[in-house]
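Student: Numbering (the working numbering), first residue to last: 2 to 148.
Note that CB positions come from ideal geometry on N, CA and C, so glycine has one too.
Note that the structure is predicted; figures quoted are calculated from it, not measured.
A single structure is presented below for examination.
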Amino acid sequence: MEEAGGPLPGIDTVERLAVALGLAPCFLGFGIEGEDVFRQKVPGGVGRAMPPVPPAADPVQGPLLYEGLPARLAELRERRGLTRRALGRDSGTSDTTVRRVEEREIVPTIATIERLAAALAVSPCWLAFGQGQGPADTPNEEERSDE
């Protein structure tokens, strides 16, 4: 969603634009594969074809979906036994970024959400908006090593 080399938008902006356009915020922010877990974006990689019509947004009732992000992030980080420092390191962000998101001091950009989601093995849509593959849908590190 970067436009003319400018900065990436925060997920609050993405959700508000999606609502105004009648699109699903997940689709607008992360594309067709945003509900799936991914480790990193691969430049020039092969992906699924775009659907003929983007998914429509569900009517917004009450708080915006992104407002649940701080609680989702803190709960999952703690469930995975990670400190803020460890998650910052694993995601290529910082412990300060993780703390500021969890304490509602900042709204992260699309890129930050993608990094945090990859480090936590959940979809960026789940982390940002509570939709898509979350921790119940993906094994944690211990479960993966037992397979």
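In the DSSP output, which residue or residues are listed as bridge partners for T110?
Tutor: T110 pairs with G11.
Student: Note down the Cα distance separating L24 from V99, rounded to an integer number of angstroms.
Tutor: C-alpha separation (whole angstroms): 28 Å.
Student: Under the assumption that I107 contacts L9 (Cβ atoms under 8 Å), give the Cβ distance between them as a whole number of angstroms.
Tutor: About 13 Å; that fails the 8 Å criterion.
Student: If you follow the alpha helix (DSSP H) that V102 is part of, which residue opens it and which one closes it?
Tutor: Where V102 is concerned, the enclosing alpha helix (DSSP H) stretches over 96-103.
Student: For S124, does the three-state DSSP call read helix, strand or coil?
Tutor: Here S124 sits in coil by DSSP.
Student: Any idea what DSSP makes of L18, helix, strand or coil?
Tutor: DSSP places L18 in helix when its eight states are reduced to three.
Student: Within 10 angstroms of the Cβ of L22, are there 16 or more other Cβ atoms? Answer buried if so, exposed if not.
Tutor: Label assigned to L22: exposed.
Student: DSSP three-state call for L117: helix, strand or coil?
Tutor: Helix at L117.
Student: Please check the pair I12 and I114, which I expect to be a contact at CB under 8 Å, by giving their CB distance rounded to whole angstroms.
Tutor: Right, the Cβ-Cβ distance comes to about 6 Å (below 8 Å), so this counts as a contact.
Student: Terminal residues of the continuous alpha helix (DSSP H) containing L77?
Tutor: Where L77 is concerned, the enclosing alpha helix (DSSP H) stretches over 70-80.
Student: Expressed to the nearest angstrom, what Euclidean distance is found between the alpha-carbon atoms of R85 and R78?
Tutor: One C-alpha to the other measures close to 8 Å.
Student: Work out the CA separation of A119 and D91 for me, nearest whole Å.
Tutor: Cα-Cα distance, rounded: 9 Å.
Student: Under three-state DSSP, which class holds L65?
Tutor: Note: L65 maps to coil in three-state DSSP.
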